[in-house]
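For the sequence shown, numbering that gives the first Met the number 0 gives the first residue as 0, with consecutive numbering after it. Backbone N, C-alpha and C fix where the C-beta goes; we use that ideal spot for every residue, glycine too. So the structure is just underneath, and the comments pick up after that.
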Amino acid sequence: MKRAHFIVGVAVAAAVLAVMPFLDRYVAYLVTIVAISSIGALGLNLLTGLCGQISFAQAGLMGIGAYTAGNLCNAGLGLLAIPLGGLAAATASIVIGLPALRLRGLYFAIATLAAQFILEYLFKILEPLTHGISGLLIRPPTVFGFAIQDDRANAALAVALLVLVWSGIGALRATNLGRAFLVVRENEIVARGMGIDVARTKFWAFLLSGFIAGIAGAMSGIASRLANPEAFSFALSVDYVAMIIVGGQGTLTGPLLGAAFVTLLPEVIQRVGELFNMPSILSALREFAFGMLIILFLIFEPLGLMAVLRKLRLRLGASKPGGKSPAATTEAV
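Right, dumping it as structure tokens:
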């Protein structure tokens, strides 16, 4: 990750945290859900965008993080429940990933799809831990005796976690493991020829992705104070796939853009429906809008919003007096 990108990211997060006390509850709620979605999208992007392994188990892994953190918060462990929720999801990733390491492409995706449905079933039947379909009520965690139960506090915590995850993935990309992810994504045969242990690389990608998904799920449960099987269904996994496609797979900022776009789209549709007094009709368009978005991006811009912004920046740069040509600027980038 470029140093300038890191500084900009930290500056934006600091600005958000600075204005947090002045936000109303609804805006703080939107910041919270966008930050949580961004963390989950970054985790899936690490596995799919960087390592090339398609997964539909993201929601199930987030559910493990939410239920683990919820039970630990109720036991009085406070914010320690969040990383422990990530560890629980990472452990589940090992169980899911080991049998799937020998699979590639569509077969790997089907294996993760099966894992998602199994986890959904377990969330419903393991009532001592999950409270079944009624859901697990979660007590707010405490920090130095103060409970984190205000919407602004949840938003601040979610943004802080997002900065940590985003910075960690940025640092990972510059390591040998991060470069191995990229080689495996491009061609597994070439990766083996270069001496890369493909199975081990996939294992680490699935493990780290699961850990980040668990953190996102833990924060989701804490923010909503409820872990419910319906909140971590297959539809949520599809949403996360949409986020990284719309934002831009394999990039560091793309998942953030995709998460914001996909998460805020239902809110925009709902507000437009209320404005024109037809909320039920427009809310039914949500799934249609998601499907159309994915198809349109795959056809016209497979690299997502990041590519759109990059092209816009190149055109603006070329239109300025003395600006570089798009080709030259692309080479510089």
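- Remark: C-beta atoms of Ala259 and Ile293 do not approach each other more closely than 8 angstroms.
- Pairing Pro98 with Ala108 gives a Cβ-Cβ distance that is not under 8 angstroms.
- Nearest C-alpha to Leu181 among Ala14, Thr31, Asn44 and Ala10: Asn44.
- For Leu135, DSSP records a beta bridge to Ala226.
- Residues Val158 and Val162 of the same chain have their beta carbon placed closer than 6 angstroms to that of Ala12, with the five preceding and five following residues left out of the count.
- Non-local beta-carbon contacts of Met291 in its own chain, meaning distances under 7 angstroms to residues more than five positions away in sequence, are absent.
- Each residue's CA atom was taken as its position, placing Leu60 and Gly316 some 43 angstroms apart.
- Straight-line spacing of the CA atoms in Leu302 and Phe296 works out to 8 angstroms.
- Collapsing the DSSP output to three states places Thr47 in a helix.
- Rounded to whole angstroms, Ile214 and Val164 show a C-alpha spacing of 9 angstroms.
- With a beta-carbon spacing of about 5 angstroms, Leu206 and Ala89 fall inside the 8 angstroms limit used to define contacts.
- Under the DSSP assignment, Thr129 falls in the alpha helix (DSSP H) whose first and last residues are Glu126 to Thr129.
- For Thr174, the three-state secondary structure derived from DSSP is coil.
- Annotation: the continuous alpha helix (DSSP H) that includes Gly246 extends over Phe233 to Gly246.
- In the DSSP assignment, Ile188 falls within the alpha helix (DSSP H) that extends over Glu187 to Gly192.
- For Val142, DSSP records a beta bridge to Phe145.
- In this structure, the beta-carbon distance from Pro140 to Ala80 falls below 8 angstroms.
- Rounded to the nearest whole angstrom, the CA to CA distance from Gly85 to Leu235 is 18 angstroms.
- Counting along the chain, Ile53 sits inside no alpha helix (DSSP H), nor does DSSP assign it H or E at all.
- Beyond the five residues adjoining it in sequence on each side, Gly253 comes within less than 6 angstroms, by CB distance, of Gly246, Gly247, Gly303 and Met305 in the same chain, given in chain order.
- One alpha carbon belongs to Ile93, the other to Gly75, and they sit about 27 angstroms apart.
- The C-beta separation of Leu135 from Gly216 comes to about 12 angstroms, leaving the pair out of contact by the 8 angstroms criterion.
- Going by DSSP, Met61 is part of the alpha helix (DSSP H) stretching over Gln57 to Asn73.
- Distances from the CA of Ala34 to each of Leu156, Leu121, Phe122 and Gly209 were compared; the closest alpha carbon is that of Leu156.
- In this structure Ala146 is exposed. Its beta-carbon is surrounded by fewer than 16 other beta-carbon atoms within 10 angstroms.
- Rounded to the nearest angstrom, the gap between the Cα atoms of Ala113 and Leu313 is 43 angstroms.
- Apart from sequence neighbours up to five positions away, the residues of its chain that approach Thr250 with a beta-carbon distance below 6 angstroms are Met305, ordered along the chain.
- By the Cβ-count criterion, Ala152 is buried, with 16 or more other Cβ atoms from all chains shown falling within 10 Å of its own Cβ.
- Secondary structure at Phe275: coil, using DSSP grouped into helix, strand and coil.
- If you ignore the 5 residues before and after Ala190, its C-beta comes within less than 8 angstroms of the C-beta of Ala179, Val182, Val183, Val197 and Thr200, all in its own chain and listed in chain order.
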